[in-house]
Amino acid sequence: MKKYIIKRIIISVVTLLVILLILFLMLELMPGSPFNDEKLTDAQRAIISAKYGLDQPIGIRFLHYIKAMLSGDFGVSYTISKNTPITTLLQSRLPISLRIGGQAILIGTVVGLALGIIAAIKHNTIYDTITTVISVLGVSLPSYVFAMALIYTMGFQLKWFPLLYQVEAPMYSSIMPTVSLCMFTVATVARFTRTEMLEVLGSDYMLLAESKGINSFQLIFKHALRNALIPIITVLAPLVVGLMTGSLVIEKLFSIPGIGSLLVTAIQSNDYNVVVALTFIYSLMYIGIMLVVDILYGVIDPRIRLAKGDKND
-2 MKKYIIKRII ISVVTLLVIL LILFLMLELM PGSPFNDEKL TDAQRAIISA KYGLDQPIGI
58 RFLHYIKAML SGDFGVSYTI SKNTPITTLL QSRLPISLRI GGQAILIGTV VGLALGIIAA
118 IKHNTIYDTI TTVISVLGVS LPSYVFAMAL IYTMGFQLKW FPLLYQVEAP MYSSIMPTVS
178 LCMFTVATVA RFTRTEMLEV LGSDYMLLAE SKGINSFQLI FKHALRNALI PIITVLAPLV
238 VGLMTGSLVI EKLFSIPGIG SLLVTAIQSN DYNVVVALTF IYSLMYIGIM LVVDILYGVI
298 DPRIRLAKGD KND
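Position 143 (the sequence shown) corresponds to 140 in this note's numbering; numbering is contiguous.
Laid out in structure tokens, this is it:
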């Protein structure tokens, strides 16, 4: 197991360095500049470039770029908030996106697993039909459709929740955004759980375990669910990153001051440092989540790491 984890970590680090290289090259090749003010003379642009180290050779700048990014220094904002460190911009926004995304993932996974397990156990019953309908609706309808429906009914008509996000009431005002975001996760997890559980429950080894007198709870949660988890984790991993880094549309609809809305603003204002910093954070989180998933594969099913040559651990 130790060798398996070390291999995954090395692959993750190399992948992150490749992403850093691509981000740097994209930054260099991007047309235009954050300093596009027509009032600036060539001499003034040269002074600004020297101030931010943009006049140095590309190799030196790349080394500085790697050192800074790996140490958590994302530079300063060029246009959104001039000369403000990007870490300062993220300090207030990143926790909001992570919290709302984390809530959506937790609720979506728990509800999806419950619906999928019930649908598999109660196959071809009304419970199975309800789960199928919820799965189809959740996958088919975008999150902003659910958001608009919640805003109109729960916010405008019934006035149960505030229409917009409120910093002074973060938990209460994040209920509708969380529900809007979690619907796709509920539908996806429920659909995969139902499919995988049906396949596992109908397998020969499950019939053998049942014939040995193992009680229903152990049969479902210890044997069937564990064998069905790998495909579920695989499909859940990208959703985790997408939700925890903020949904652009949902953050705009509810005026949530998260990193999703910050990314939109940065793109519109050509603030390349902020765009690259957020892209790096997205990549880092994605690689981190996939590393955890790889490790979970080995924990859930030891055959995976044994197949990769980790037979001595």
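The beta-carbon is built from N, C-alpha and C at its ideal position, and this holds for glycine as well. None of the values given here were measured: they were computed from a predicted structure.
Under DSSP, Val73 forms a beta bridge with Pro82. Residue burial is scored here from C-beta neighbours: Phe251 has at least 16 other C-beta atoms within 10 angstroms and is therefore classed as buried. Here Gln100 is buried, its C-beta having at least 16 other C-beta atoms within 10 Å. Classified as buried, Pro174 has 16 or more neighbouring CB atoms from the shown chains inside 10 Å of its CB. For Val10 and Lys(-1), the gap between their C-alpha atoms comes out near 17 Å. Its chain contains Leu17 and Phe277 as the residues whose beta carbon lies nearer than 7 Å to that of Met66, once the 5 sequence neighbours on both sides are disregarded; these appear in chain order.
In the DSSP assignment, Gly135 falls within the alpha helix (DSSP H) that extends over Ile123 to Ser137. Counting of Cβ neighbours within 10 angstroms places Gly105 among the buried residues, the total reaching 16 or more. With 16 or more other Cβ atoms inside 10 Å of its own Cβ, Val272 counts as buried.
In the structure shown, Asn267 falls within a coil segment according to DSSP collapsed to helix, strand and coil. Looking from the CA of Tyr162, the closest CA among Ser266, Val133, Arg188 and Ser258 belongs to Ser258. Comparing alpha carbon positions, the residue from Glu25, Val289, Thr122 and Tyr62 closest to Leu14 is Tyr62. For Ile172, the enclosing alpha helix (DSSP H) starts and ends at Ile172 to Leu198.
For Ala65, the enclosing alpha helix (DSSP H) starts and ends at Ile55 to Leu67. Setting aside the 5 residues that flank it on each side, Asp291 is surrounded in the same chain by Arg5, each with a C-beta closer than 7 Å to its C-beta; the list follows chain order. Contact between the segment 76 to 88 and the segment 183 to 192 is absent, with fewer than three C-beta pairs closer than 8 Å. In this structure, Glu193 places its C-beta atom within 9 Å of the C-beta atom of Ala225.
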